[in-house]
Ligand code: ADP
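Residue numbers (the numbering used here): 8 to 171.
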């Protein structure tokens, strides 16, 4: 049986922390589907299609990784993709309680679904998409947080957001 895993998130924007989890999980499973969540509570910096395009560009050398946008329940997306593994990253204890609750809820609803947690690389344990947005919003250098190729897009989107 193919080991197909979903790595879901908002990726608004994707960071080196996310990319590290994707690369490591691509070595552990046959296929990784990066699931880009459309129905975020907050108004995103980039719409889901743009986030998908950005991720595809950054991940094109990984033959067993593909990127799909989704909305609604993760369990429904997992069923649709015929995947029974969810990958999530754990940065700190603060992530744990929430992640545990979500993983257990998903398993109650869909008993074939297992959640696997990868512990973040020490270099990225402080890093989140919100930090990137906040830092860039004040004109900070985000080159330690995200790939150089996407910095201009992020800066432009933040500038446009401020003007609106
Ligand atoms: P969500 O909005 O669902 O938290 P994110 O895009 O922020 O989505 O994160 C997606 C996943 O990546 C989550 O499992 C999160 O814990 C993990 N993650 C986020 N930042 C990092 C990081 N710096 N290192 C490792 N994992 C991370």
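Cβ coordinates follow ideal geometry from the N, Cα and C atoms, glycine included.
{"Check": "Sequence-distant residues of the same chain with beta carbon closer than 6 Å to residue 144, five excluded per side", "Outcome": "165"}
{"Check": "C-alpha gap between residue 54 and residue 23, whole angstroms", "Outcome": "20 Å"}
{"Check": "Cβ-Cβ distance between residue 93 and residue 72 below 8 Å", "Outcome": "no"}
{"Check": "Where residue 176 falls, given that 16 or more other Cβ within 10 Å makes a residue buried", "Outcome": "This structure does not reach residue 176, given that the chain is present from 8 up to 171, and the question cannot be answered."}
{"Check": "Exposed unless 16 or more other CB atoms sit within 10 angstroms - verdict on residue 19", "Outcome": "buried"}
{"Check": "8 Å Cβ cutoff met for residue 21 and residue 62", "Outcome": "yes"}
{"Check": "Where residue 60 falls: helix, strand or coil (DSSP)", "Outcome": "helix"}
{"Check": "Beta strand (DSSP E) runs wholly inside the segment 58 to 102, at least 3 long, in chain order", "Outcome": "72 to 77, 92 to 97"}
{"Check": "beta-carbon residue 79 near the ligand ADP non-hydrogen atom, thresh 7 Å", "Outcome": "no"}
{"Check": "Supposed close pair residue 43, residue 75 - CB separation, criterion 8 Å", "Outcome": "7 Å"}
{"Check": "Backbone CA spacing between residue 41 and residue 17 [nearest angstrom]", "Outcome": "10 Å"}
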